[in-house]
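Note that the protein sequences, when read in sequence, are chains A and B.
The first sequence: position 55 = 51 (my numbering), numbered continuously.
Here my numbering = 1-based position in the second sequence + 1243.
Every residue, glycine too, gets a C-beta built ideally from N, C-alpha and C.
The structure appears right after this line, and notes come after that.
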Amino acid sequence: QKEVEQNSGPLSVPEGAIASLNCTYSDRGSQSFFWYRQYSGKSPELIMSIYSNGDKEDGRFTAQLNKASQYVSLLIRDSQPSDSATYLCAVMGGYSTLTFGKGTMLLVSP
Amino acid sequence: DAMVIQNPRYQVTQFGKPVTLSCSQTLNHNVMYWYQQKSSQAPKLLFHYYDKDFNNEADTPDNFQSRRPNTSFCFLDIRSPGLGDAAMYLCATSREGIPGYEQYFGPGTRLTVT
C-alpha cells in the first residue's frame, strides 16, 4: 500500500513569515511529486511539481525533493493571509495515478 | 479558456435514487480521473480512463460506475447512493507527454444524500 504522510496541522505562521510544509512517501520508486493547494469547499489547484532531487523555485514557492530520504517539502516565502488553505502532497504511482496525503492546513495570520 | 467543467456543482439526491455526475474538458487530455473526497480526507481515486481503457481501483464499490463516450466527456454514475456516499466528487485530467502526468481538477460536485 503506497502511503503519503503529512502533518495535518494546523500550521500557524504570521504574515510575512516562511511556511514550511513537509511530506514523506513510502514508494521508493516514485518519480513525480506534486503540491496542490485546496481552499475550503474548493477543488485542488496544482501549484508545484518536482521530479529531480534538489530545489525548484516558482515565485514565492520552493519545492524540495530528497529521494534518498523519501521526503518532499514546500516552502512559502512572505506568507500572505490568502495562502491560508490546505496543502496536499501527491506522489505519482503506476498507470499515471496519484496518491494524495491528507493535507496540512496552513493558517497565515495578519 | 481551456478547462475542466463539472455539472452540476451541487447535487441533492435521495437515498437509493440513482444519480449521474458529468465532467467535460477542453484541454484535449487523454486521461480522465474521478475522485471522491470527504471532509478532511485526501482525495480517493475511484477510477480513471487512459484513452478508452477503463481502470477501476480495487476498493471502488460496485455501486459506482463510469462512462466515457468520447475524449471530452466522462460520467460518474452512482446506482444506489447511500448516506456514506455524500462527498465532493472531483474530476481531473492529464495528458500523456506532460511531465509526470500533472493532473488538473474541475471545480467538483458536492453530493448530498437525504
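Touching or not, the segment 26 to 37 of chain A and the segment 45 to 60 of chain A, by the rule of three or more beta carbon pairs under 8 Å? yes
Kindly say whether Met88/A, judged by its beta-carbon, lies nearer than 8 Å to any beta-carbon of chain D. The chain inventory of the structure shown lacks chain D, comprising the protein chains A and B.
Per-residue contacts from Thr100/A into chain B (C-beta, under 8 Å): Result: empty, since nearest Cβ-Cβ is about 11 Å, beyond 8 Å.
DSSP-derived helix/strand/coil call for Leu1270/B: coil
DSSP state of Asp51/A mapped onto helix, strand, coil: strand
Please decide whether Tyr1253/B counts as near chain A, where near means a Cβ-Cβ distance under 8 Å. no
When you compare the CB positions of Tyr1293/B and Ala1335/B, do they come within less than 8 Å of one another, or not? no
Quick one: is Leu110/A near chain B, going by C-beta distance under 8 Å? Residue 110/A lies beyond the residue range present for chain A, which begins at -3 and ends at 106; the question has no answer from this structure.
Pro1286/B vs Pro40/A beta-carbon contact at 8 Å: yes
Strictly under 8 Å for the Cβ-Cβ distance: is Ser45/A near chain B by that measure? yes
Supposed contact pair Gly1349/B and Met1331/B - C-beta distance, whole angstroms, cut 8 Å: With 8 Å as the limit, Met1331/B and Gly1349/B do not qualify as a contact, their Cβ atoms being about 11 Å apart.
Contact set for Gln1257/B: own chain, Cβ-Cβ below 7 Å, skip 5 residues either direction: Thr1357
Using the Cα positions of Ser4/A and Ser1282/B, report the straight-line distance between them to the nearest angstrom. 13 Å
Kindly indicate which three-state DSSP category Tyr36/A falls into: helix, strand or coil? In the sequence under discussion, the amino acid at residue 36/A is Ser, which differs from the Tyr named in the question. Ser36/A falls in the coil class under three-state DSSP.
Going along chain A, which residues have a C-beta under 7 Å from Val1274/B? Ser92
N- and C-terminal bounds of the beta strand (DSSP E) containing Asp1296/B: Asp1296 to Asn1299
Of all Cβ atoms in chain A, is any one closer than 8 Å to the Cβ of Pro1286/B? yes
Identity of the residue in Gln34/A, Lys98/A, Pro106/A and Leu70/A nearest Ala15/A by Cα: Leu70/A
Does the segment 94 to 104 of chain A come into contact with the segment 1303 to 1322 of chain B, if we say contact requires no fewer than three beta-carbon pairs (one atom in each stretch) closer than 8 Å? no
Which chain B residues sit within Cβ distance under 7 Å of Ala39/A? A small correction: the amino acid at residue 39/A is Ser; Ala does not occupy that position in the sequence shown. Within chain B, the residues near Ser39/A are Leu1333, Phe1348, Gly1349, Pro1350 and Gly1351.
Per DSSP, what are the beta-bridge partners of Lys(-2)/A in this structure? Its beta-bridge partners do not exist; DSSP assigns none.
Span of the beta strand (DSSP E) around Ile14/A: Note, Ile14/A: premise wrong, no beta strand (DSSP E); not H, not E.
Have a look at Val1274/B, Ala1329/B and Asn1313/B and flag the residue whose alpha-carbon is nearest the alpha-carbon of Arg1353/B. Ala1329/B
Helix, strand or coil for Ser1282/B per DSSP? coil
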